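Enquirer: Heads up: the sequence lines are chains A and B, in that order.
Once you know that position 48 of the first sequence is 48 in the numbering used here, the rest is easy, because the numbers rise by one and skip nothing.
Once you know that position 4 of the second sequence is 1004 in the numbering used here, the rest is easy, because the numbers rise by one and skip nothing.
Quick reminder that beta carbons are idealized off the backbone N, C-alpha and C, glycines included.
This one's a predicted model, so the numbers in the text were calculated from it and none came from an experiment.
The following block contains the structure, expressed as structure tokens.
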Amino acid sequence: RKEVEQDPGPFNVPEGATVAFNCTYSNSASQSFFWYRQDCRKEPKLLMSVYSSGNEDGRFTAQLNRASQYISLLIRDSKLSDSATYLCVVRGGTSYGKLTFGQGTILTVHP
Amino acid sequence: EAGVAQSPRYKIIEKRQSVAFWCNPISGHATLYWYQQILGQGPKLLIQFQNNGVVDDSQLPKDRFSAERLKGVDSTLKIQPAKLEDSAVYLCASDPGGLKEQFFGPGTRLTVL
Chain A
1 RKEVEQDPGP FNVPEGATVA FNCTYSNSAS QSFFWYRQDC RKEPKLLMSV
51 YSSGNEDGRF TAQLNRASQY ISLLIRDSKL SDSATYLCVV RGGTSYGKLT
101 FGQGTILTVH P
Chain B
1001 EAGVAQSPRY KIIEKRQSVA FWCNPISGHA TLYWYQQILG QGPKLLIQFQ
1051 NNGVVDDSQL PKDRFSAERL KGVDSTLKIQ PAKLEDSAVY LCASDPGGLK
1101 EQFFGPGTRL TVL
């Protein structure tokens, strides 16, 4: 079983749609959780951290369920500029804990 | 603030040749990472440094890959000899330690022919 698993998609949605990505992780000792965004031929950049209480940043909402070891990202009112690969990322339990990336979910938003 | 710098941006070599990549992290960041990202996959950690000490190199193919971070600042990653399956983007990242955000460099795209 992979440490971090995502549905690779691709997701192809029209502008204005709501889209949700799911991710599961295998290490119950994981401490920190993130969604990164990676544009084509660019480096990954942090989109948002994910907290147990759930958190929102504009059109983006992230949720964490530690009991189920499940992370989600919801994008509302999709824009063309949201087209990218979204990487689910989990960090280990120590202060030196490494980041483990999922394989990424490809999103294409079309007019 | 300057970001993570990497060079070269692109490299094409033949199999069995050697290649080296360079990374300069964000000033003051104690932790430095090298990742390998194969097309269609997420980045995979190769090695993690805390200052100039290795914290995790469990996924580094040590028979051909080596890395160093002298003086706890710049780092180099070397492949010797390269194989076809080493074709990938090599990403360097740094963070100030703890559980803070990692910042990535633009990567080096390696093609092995």
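Buried or exposed for B:P1043, going by 16 or more other Cβ atoms inside 10 Å?
Expert: So B:P1043 ends up on the buried side.
Enquirer: For B:E1101, go through chain A and note every residue whose CB falls closer than 9 Å to its CB, in chain order.
Expert: In chain order: F34, L46, S49.
Enquirer: Taking a Cβ distance cut-off of 8 Å, strictly less, list which residues of the region 1042-1064 of chain B are near chain A, in chain order.
Expert: For the region 1042-1064 of chain B, which is checked against every Cβ of chain A, the residues closer than 8 Å are G1042, P1043, K1044, L1045, Q1048, Q1050, V1055, D1056.
Enquirer: Could you give the distance in angstroms between the alpha-carbon of B:Q1006 and the alpha-carbon of B:D1074?
Expert: Roughly 10 Å between the two C-alpha positions.
Enquirer: So what does DSSP say about B:K1071, is it helix, strand or coil?
Expert: B:K1071: helix per DSSP, three-state reduction.
Enquirer: So which residues on chain B does A:G104 lean against when the C-beta distance must stay under 9 Å?
Expert: In chain order: G1040, Q1041, G1042.
Enquirer: Taking three-plus beta-carbon pairs below 8 Å as touching, is the region 1056-1069 of chain B in contact with the region 1030-1048 of chain B?
Expert: Yes, they touch.
Enquirer: Give the DSSP-derived three-state secondary structure of A:E56 in the structure shown.
Expert: Reduced to three states, the DSSP call for A:E56 is strand.
Enquirer: Would DSSP call B:L1039 helix, strand or coil?
Expert: Coil at B:L1039, not helix or strand.
Enquirer: Which full runs of the alpha helix (DSSP H) of 4+ residues lie inside the region 20-68 of chain A, going along the chain?
Expert: Counting only runs of 4 or more, we get nothing.
Enquirer: Excluding five sequence neighbours on each side, which residues of the same chain lie with their C-beta closer than 7 Å to the C-beta of A:D57?
Expert: For A:D57, where only same-chain residues beyond five positions count, the Cβ hits under 7 Å are M48.
Enquirer: Would a check of beta-carbon distances place B:L1077 closer than 8 Å to chain A?
Expert: So, not an interface residue.
Enquirer: In chain order, what residues of the same chain have a beta carbon less than 6 Å from the beta carbon of B:Q1048, not counting five sequence neighbours either side?
Expert: The residues are Y1033, V1055, D1056.
Enquirer: Any C-beta of chain A within less than 9 Å: which residues of the region 1012-1042 of chain B qualify?
Expert: Flagged, chain order: T1031, Y1033, Y1035, Q1037, G1040, Q1041, G1042.
Enquirer: On the DSSP letters alone, give me the boundaries of the beta strand (DSSP E) that A:L107 sits inside.
Expert: Looking at the DSSP string, the run of the beta strand (DSSP E) that includes A:L107 is 105-110.
Enquirer: List the residues that DSSP assigns as beta-bridge partners of B:L1091.
Expert: Paired residue(s): B:Y1035.
Enquirer: Are A:S72 and A:F33 touching if we call contact CB-CB under 8 Å?
Expert: Cβ atoms of A:S72 and A:F33: not closer than 8 Å.
Enquirer: Closer than 8 Å, CB to CB, is B:L1091 near chain A or not?
Expert: True, the Cβ-Cβ gap to chain A drops below 8 Å.
Enquirer: Which term fits B:L1039, buried or exposed, when burial requires 16 or more other beta carbons within 10 angstroms of its beta carbon?
Expert: It counts as exposed.
Enquirer: Classify B:A1002 as buried or exposed, calling it buried when 16 or more other Cβ atoms lie within 10 Å of its own Cβ.
Expert: Flag for B:A1002 reads exposed.
Enquirer: Which of the three DSSP states is assigned to B:E1085 in this structure?
Expert: Correct three-state label for B:E1085: helix.
Enquirer: B:P1106 touches chain A at which residues, Cβ-Cβ below 7 Å?
Expert: The answer, in chain order, is E43.
Enquirer: To which residues does DSSP link B:S1058 through a beta bridge?
Expert: Paired residues: none, contrary to the question.
Enquirer: Pick out whichever of A:F60, A:G97, A:L64, A:F101 has its Cα sitting closest to the Cα of A:G54.
Expert: Of A:F60, A:G97, A:L64, A:F101, the residue nearest in Cα terms is A:L64.
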